[in-house]
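The structure under discussion appears below in the form of structure tokens.
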Amino acid sequence: MVKESLVVGKSKKPLIAMKFGGTSVGNAERMKNVAAIIADTAQRAEVVVVVSAMGGVTDMLIRAASEASHGDRENWKNVRRELAHRHREVADQLLKAAEQAAVLPRLADAVADFENLCSGFSLVREVTPRAMDTLSSLGEVMSANLMAAILRSQGTPAEAVDATELIVTDDHFGNATPIFDETNIKMRQRLAGLRKRGAIPVITGFRGATRAGACTTLGRGGSDYSGTIVGAALDADQVWIWTDVDGVLTTDPRMVPEARILPEISYREAIELSFFGAKVLHPKTIQPVMKKKIPVWIKNSFNPSCPGTCIVPSATNSQKGIKAITSVSKADLITITGKESLSFPHLAVKAFGALSLDDIPTLMVTQSSADNVLCFALHDADLRRVKAQLEKTFELEMLHDDRVSIEVMPHVAIVVMIGENMKGTPGLSGRAFGALGARGINIIAIAQGSSELSISFAVKASDVKEAVKGIHEEFKLGASDSVKGKV
Ligand code: ADP
Ligand code: ASP
Ligand code: MG
Numbered sequence: 128m129v130k131e132s133l134v135v136g137k138s139k140k141p142l143i144a145m146k147f148g149g150t151s152v153g154n155a156e157r158m159k160n161v162a163a164i165i166a167d168t169a170q171r172a173e174v175v176v177v178v179s180a181m182g183g184v185t186d187m188l189i190r191a192a193s194e195a196s197h198g199d200r201e202n203w204k205n206v207r208r209e210l211a212h213r214h215r216e217v218a219d220q221l222l223k224a225a226e227q228a229a230v231l232p233r234l235a236d237a238v239a240d241f242e243n244l245c246s247g248f249s250l251v252r253e254v255t256p257r258a259m260d261t262l263s264s265l266g267e268v269m270s271a272n273l274m275a276a277i278l279r280s281q282g283t284p285a286e287a288v289d290a291t292e293l294i295v296t297d298d299h300f301g302n303a304t305p306i307f308d309e310t311n312i313k314m315r316q317r318l319a320g321l322r323k324r325g326a327i328p329v330i331t332g333f334r335g336a337t338r339a340g341a342c343t344t345l346g347r348g349g350s351d352y353s354g355t356i357v358g359a360a361l362d363a364d365q366v367w368i369w370t371d372v373d374g375v376l377t378t379d380p381r382m383v384p385e386a387r388i389l390p391e392i393s394y395r396e397a398i399e400l401s402f403f404g405a406k407v408l409h410p411k412t413i414q415p416v417m418k419k420k421i422p423v424w425i426k427n428s429f430n431p432s433c434p435g436t437c438i439v440p441s442a443t444n445s446q447k448g449i450k451a452i453t454s455v456s457k458a459d460l461i462t463i464t465g466k467e468s469l470s471f472p473h474l475a476v477k478a479f480g481a482l483s484l485d486d487i488p489t490l491m492v493t494q495s496s497a498d499n500v501l502c503f504a505l506h507d508a509d510l511r512r513v514k515a516q517l518e519k520t521f522e523l524e525m526l527h528d529d530r531v532s533i534e535v536m537p538h539v540a541i542v543v544m545i546g547e548n549m550k551g552t553p554g555l556s557g558r559a560f561g562a563l564g565a566r567g568i569n570i571i572a573i574a575q576g577s578s579e580l581s582i583s584f585a586v587k588a589s590d591v592k593e594a595v596k597g598i599h600e601e602f603k604l605g606a607s608d609s610v611k612g613k614v
């Protein structure tokens, strides 16, 4: 296992990129705690920091923008007050007068941007994805400025840096992809002076900018991704993602409170977990560090003495069977049935062609070639777009003697068992089937990739919690089971 030790016989201090999530910077007390973690680590390592917006702020900004675009002229004014108040309160409590004088105008600028944008949205009754990105990431601008000022107030040199100056992305507003070569160069150049002076860069998570300088965002929860983009660009020795749980757990602790911490998981396991809904990591988090094999630690800012989970290129742990369970609780199943005259490959090519137009991910896919039936699950949020694309794609077949039918089963959940070492362990699906059957849970569909990294079940959305609990119990993954030994 990778040791977290920061003094591994190096003459030079190791470089740690650390990201703090919304709850970790949720109020003055939490921010003070984060400043202490940063200052403490900075004694042993060079630190570069990425921060999310204060908890709840991004949701609040997006809601306000959407209301304004529907013509509401009042609600966003309340949000404006709350935005100003929450950040001002932290400044009042934690900043010395000189730092207040430096940072309050920056906070006021962000609030003014919010006001101007919302006022514009309410006037034109529209919010474009591009304008939404500028607005929805203002929380990060405010928290990064505050955090840098808090550090300075406590005697630790630090400077807020807007990621629009560092991370170059494409123009897919709302879910932009970094252009890594350009980002790496820009990041190193922009941060060189600060690092030389020994000042800690405190970078806004979530946002980047196109080559032309338009602000973009990396998708909801994207500050994790910012953390590894920064870590990879600077060749960091480790990336530490600070959140509000002790690490990656065997399942979502909100569903199963007995969930147990996993000391180590592989990149592939982490990617699979986050793709299938484990909120603790943004799905693209691991991508930037893969080539350089940088370890990523998940740590609890509420419990910093707990070592957390280390995400490593390939797990050394030989635990057999299932490691973790995750779920997507808002999904739909789409079943496309073709008449005999339409071959299955033709049906599948057209269906997936339709999905590829908007690059929409599927959660599971099953087929019945004999009946010419293709079935796949997708995120409920994508349903409307997918249905429209499919209806357009199969328009002719549906018009002419019903050669194709498309059915949607809504309110479905996908439960996924994950573990690299499931391979070659027989009987896992059978046991999961049994556990679900014993609880009266009907399995609507099942899929297992040949890599055997994951096995997925579709169940009714109302059964998801019981299904996750049932499988977690069956494989004795919980804290109270750990003494009994795992499968
Ligand atoms: P942050 O604000 O720090 O980015 P998030 O709320 O995005 O934090 O992610 C942390 C949350 O992810 C936890 O509080 C937990 O409820 C949820 N979560 C879901 N699945 C898992 C899992 N397998 N392990 C740990 N946390 C999980
Ligand atoms: N603040 C952003 C969000 O809520 C990014 C993040 O927290 O990671 O989506
Ligand atoms: Mg998050």
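With the numbering used here applied, the sequence shown has no gaps in its numbers, which climb one by one up to 614 at the end. The beta-carbon is built from N, C-alpha and C at its ideal position, and this holds for glycine as well.
With a cut-off of 8 Å on Cβ pairs, the stretch 383-403 is in contact with the stretch 533-545, counting three or more such pairs. The beta carbon of residue 325 sits closer than 7 Å to the beta carbons of 284 from its chain, once the five residues preceding and following it are set aside; these are given in chain order.
Here residue 147 is bridged, per DSSP, to 178, 369. Only residues of its own chain outside the window of five on either side were considered, and among them 149, 153 have a CB closer than 8 Å to the CB of residue 183, listed in chain order. Sequence-distant Cβ neighbours of residue 300 in its own chain, meaning closer than 6 Å and more than five residues away, are 256, 257, 260, 343.
Each residue's CA atom was taken as its position, placing residue 307 and residue 141 some 23 Å apart.
Straight through space, the alpha carbons of residue 553 and residue 291 are spaced by roughly 50 Å. DSSP places residue 427 inside the beta strand (DSSP E), whose first and last residues are 423-427. If you check the CB distance, residue 391 and residue 451 do not come in under 8 Å. For residue 334, DSSP records a beta bridge to 344.
If you ignore the 5 residues before and after residue 420, its C-beta comes within less than 6 Å of the C-beta of 440, all in its own chain and listed in chain order.
By the C-beta criterion, the stretch 162-179 is judged to be in contact with the stretch 268-282, since at least 3 inter-stretch pairs fall below 8 Å.
For residue 457, the three-state secondary structure derived from DSSP is strand.
Boundaries of the beta strand (DSSP E) harbouring residue 538: 531-545, taken from the DSSP string. Uninterrupted alpha helix (DSSP H) stretches at least 4 residues long and entirely within the stretch 461-524 occur at 471-484, 510-520, given in chain order.
Relative to the ligand ASP, even the nearest heavy atom lies 7 Å or more away from the CB of residue 583.
In the structure shown, the three-state DSSP call for residue 328 is strand. Bridge partners of residue 575 according to DSSP: 582.
Looking from the CA of residue 212, the closest CA among 238, 580, 383 belongs to 238.
According to the DSSP assignment, residue 438 belongs to the beta strand (DSSP E) that extends over 436-439. Annotation for residue 280: the continuous alpha helix (DSSP H) segment containing it runs 265-280.
Relative to the ligand ASP, the beta carbon of residue 347 is positioned inside 7 Å of a heavy atom. By the C-beta criterion, the stretch 319-333 is judged not to be in contact with the stretch 372-380, since fewer than 3 inter-stretch pairs fall below 8 Å. Residue state for residue 350 is assigned as helix, using DSSP reduced to three classes.
At a cut-off of 7 Å, the beta-carbon of residue 148 counts as near the ligand MG: some heavy atom of the ligand is closer than that. Shortest Cα-Cα distance from residue 531 to any of 169, 458, 500 involves 500. Straight across, the Cα-Cα distance linking residue 279 with residue 204 is about 32 Å. Judged by pairs of C-beta atoms under 8 Å, the stretch 479-486 touches the stretch 503-521, as three or more such pairs exist.
Residue 415 counts as buried, since at least 16 other C-beta atoms from the protein chains shown sit within 10 angstroms of its C-beta.
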